[in-house]
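First residue of the sequence shown? That's 447 in the numbering used here, and the numbers climb one at a time after it. For glycine and all other residues, C-beta sits at the position ideal for the given N, C-alpha and C. This one's a predicted model, so the numbers in the text were calculated from it and none came from an experiment.
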Amino acid sequence: MNSIVIIGIIITALIVGPIWWLIHTQGAGKRKLEKELAALGQKEGIEISEHQSWSNKVIGLDREHEKAAFLIQGNPQNKIILADLKKYTGCSVEKKLLENGSKENAILFSSIALCFTPREKSAPALVFPLYTDEEDMSLNNELHIAEEWSGKFNVIIRRNI
447 MNSIVIIGII ITALIVGPIW WLIHTQGAGK RKLEKELAAL GQKEGIEISE
497 HQSWSNKVIG LDREHEKAAF LIQGNPQNKI ILADLKKYTG CSVEKKLLEN
547 GSKENAILFS SIALCFTPRE KSAPALVFPL YTDEEDMSLN NELHIAEEWS
597 GKFNVIIRRN I
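In structure tokens form, the structure reads like this:
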């Protein structure tokens, strides 16, 4: 009877161990990105009060200084985009569809981004690329994230109009 219990414990450990390790390493990667975003905020003189991370990306907001930050973890270097929300008239979700030859009515996105419209007509628009089919492995909930954060940014932007 003791050998059956020991075998059961070993099999359970072999199944649960890798799952725990995978969850732990993914959480560590997100914590590292969040720490990097906080360090960026200190360097730039902003304090990120809200943030959200997924995959290799983090988006954040400093409501007090009215600034937004977007960080993409990459090799060999991370990409950081900052937006001073006082310089924009709005934030919209930009979706590009992928042309597919399928007869099904499936909607496939080639990219999802947050696009900031500048107050000055000559200034270029600023883009936070949340998803691109060339760089990201799969589309998760980026569309929901884009819509949620667009709303948060627009609340701040509209206060300054």
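Between the C-alpha atoms of residue i and residue j, what's the straight-line distance to the nearest angstrom?
i: residue 518; j: residue 531; result: 20 Å
i: residue 508; j: residue 495; result: 5 Å
i: residue 464; j: residue 455; result: 14 Å
i: residue 567; j: residue 462; result: 56 Å
i: residue 535; j: residue 606; result: 9 Å
i: residue 575; j: residue 594; result: 15 Å
i: residue 521; j: residue 457; result: 37 Å
i: residue 565; j: residue 504; result: 26 Å
i: residue 468; j: residue 460; result: 13 Å
i: residue 569; j: residue 466; result: 48 Å
i: residue 523; j: residue 506; result: 19 Å
i: residue 453; j: residue 489; result: 54 Å
i: residue 544; j: residue 554; result: 5 Å
i: residue 583; j: residue 502; result: 11 Å
i: residue 580; j: residue 588; result: 15 Å
Less than 9 Å separating the beta-carbons of residue i and residue j?
i: residue 603; j: residue 537; result: yes
i: residue 578; j: residue 556; result: yes
i: residue 541; j: residue 528; result: no
i: residue 539; j: residue 560; result: yes
i: residue 591; j: residue 500; result: yes
List the endpoints of the continuous beta strand (DSSP E) containing residue i.
i: residue 496; result: 496–500
i: residue 492; result: It is not in any beta strand (DSSP E) - residue 492 carries neither H nor E in the DSSP assignment.
i: residue 507; result: 503–508
How would you write the range of the alpha helix (DSSP H) that residue i sits in, first residue to last?
i: residue 594; result: 588–605
DSSP puts residue i in a beta bridge; with which residues?
i: residue 578; result: 557
i: residue 525; result: 518
i: residue 539; result: 560
i: residue 573; result: 561
i: residue 533; result: Residue 533 pairs with nothing; no bridge assigned.
i: residue 567; result: DSSP output for residue 567 lists no bridge partner at all.
i: residue 513; result: 508, 530
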